[in-house]
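The structure appears right after this line, and notes come after that.
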Amino acid sequence: MFPIGDDDVRGAGPGYVNLLLIAVNVIVFLYQVSLGPGIQDFINRWGVIPASIIQGESLISLLTSMFLHGGWLHLIGNMLFLWVFGDNIEAVLGHVGYLLFYLAGGLAASAAHILVGPDSTIPSVGASGAIAAVLGAYIVMFPRSRIRVLLVFFFLTITRVSALVFLGLWFVMQLLNGIAGIADTAQTSGIAFWAHIGGFVFGLICGFLLKGRASHLEFEPRRAYRRY
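Note that the working numbering has the sequence shown beginning at 1, numbered continuously upward.
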């Protein structure tokens with residue numbers, strides 16, 4: 001299932017900070033690609049390495065890591081989720097508030113990742129922890145928002161499900177994989193599931209605290225859709 005749209009907050013605008021975050025992530029990734037063989041050194045320097053953070057080293061990587069990505073699919077998947085869900089949260093929190101929330105969510109995600117594997121020397125990169133915080137806030141503030149989902153199962157079809165169902169299933173999948181991965185000392189999955197879990201829980205907490213801000217907002221579908 002791939003989210004491709006949602007119900008927008010009426011009159012909220014495109015979400016300029018959200019678009020800026022997407023642009024920064026894309027620009028940084030294009031720079032990564034331009035490094036060629038040097039990309040791994042770049043990731044080692046600016047990605048989060050739990051063992052280094054525990055020792056008080058490379059603390060700036062807690063911020064820089066959330067703007068790096070491990071490949072095109074990693075980037076596209078993250079930016080798709082951010083584009084679909086981020087603008088409504090920005091409409092609730094405002095431009096500055098949303099930026100601070102996004103960055104704090106990324107820090108919370110890294111904290112959870114480090115807590116589960118403090119001895120890891122594998123660099124972790126990606127915006128998914130911060131985006132998970134956006135998803136956590138979204139499921140609390142807009143549980144009835146209709147998410148347009150592209151289903152790929154021997155055929156393509158576009159349908160709608162509630163945010164509560166879509167994001168609830170997403171979180172359950174992260175939680176199950178995170179629990180299963182605790183015993184995976186070699187971290188063979190390559191995915192920081194506990195960063196997703198930590199970011200989502202942070203977003204849930206903020207969502208409950210700030211839910212009143214979203215209570216008066218009205219929605220409108222982004223566009224009509226067809227079944228294929």
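For every residue, glycine included, the Cβ atom is placed at its ideal position computed from N, Cα and C.
Note that this is a predicted model, so its numbers are computed, not measured.
Extent of the continuous beta strand (DSSP E) to which residue i belongs
i	result
Pro-118	Element bounds for Pro-118: n/a, residue is neither H nor E.
Beta-ladder partner(s) of residue i, from DSSP
i	result
Leu-156	Val-152
Arg-144	DSSP output for Arg-144 lists no bridge partner at all.
Val-48	Ser-124
Alpha-carbon to alpha-carbon, residue j and residue i
i	j	result
Tyr-98	Val-9	15 Å
Val-33	Ile-139	34 Å
Ala-130	Leu-21	11 Å
Gly-71	Ile-39	11 Å
Phe-166	Ile-4	12 Å
Phe-155	Ser-61	42 Å
Phe-153	Met-173	18 Å
Ser-162	Leu-169	11 Å
Leu-73	Leu-80	10 Å
Phe-101	Ala-214	15 Å
Pro-143	Leu-164	5 Å
Close beta carbons around residue i, own chain, < 7 Å, minus the five adjacent residues each side
i	result
Val-24	Phe-67
Asn-44	Pro-123
His-95	Tyr-16, Val-17
Ala-186	Only weak support is given to the placement of Ala-186: the predicted model assigns it a pLDDT of 44, under 50, and the value that follows is read from those uncertain coordinates. If we look at Ala-186 and ignore the five residues flanking it on each side, it has no Cβ neighbours.
Proximity below 8 Å, CB of residue i to CB of residue j
i	j	result
Ser-190	Gly-106	The amino acid at residue 190 is misidentified as Ser; the sequence shows Gly. Against a cut-off of 8 Å, the Cβ pair of Gly-106 and Gly-190 comes out as no contact.
Ser-65	Val-125	yes
Met-141	Val-84	no
Ala-278	Gly-203	This structure gives no information on residue 278, because the portion of the chain shown stretches from 1 to 228.
Asp-41	Ser-145	no
Ala-195	Ala-109	yes
Ile-179	Ala-112	no
Leu-63	Leu-103	yes
Phe-193	Gly-181	yes
Limits of the unbroken alpha helix (DSSP H) element including residue i
i	result
Gly-178	163-181
Phe-2	Premise fails: Phe-2 lies in the beta strand (DSSP E), 2-5, not in any alpha helix (DSSP H).
Gly-198	193-210
Gly-56	Where Gly-56 is concerned, there is no enclosing alpha helix (DSSP H), given that its DSSP letter is neither H nor E.
Same chain, Cβ closer than 6 Å to residue i, five either side skipped, listed in chain order
i	result
Glu-90	Gly-15, Val-17, Asn-18, Tyr-98
Ile-114	Pro-50, Ile-53
Pro-35	Inspection of the sequence shows that residue 35 is occupied by Leu rather than by Pro. For Leu-35, where only same-chain residues beyond five positions count, the Cβ hits under 6 Å are Phe-42.
Val-116	Trp-194
Asp-87	Gly-15, Asn-18
Phe-208	Val-140
Beta-carbon contacts of residue i that lie in its chain and below 8 Å, excluding the five residues immediately before and after
i	result
Asn-78	Asn-25, His-69, Gly-126, Ala-127, Ser-128, Ile-131
Arg-148	Pro-3, Ile-4, Gly-5, Asp-6, Ile-158, Thr-159, Arg-160, Arg-222, Tyr-225
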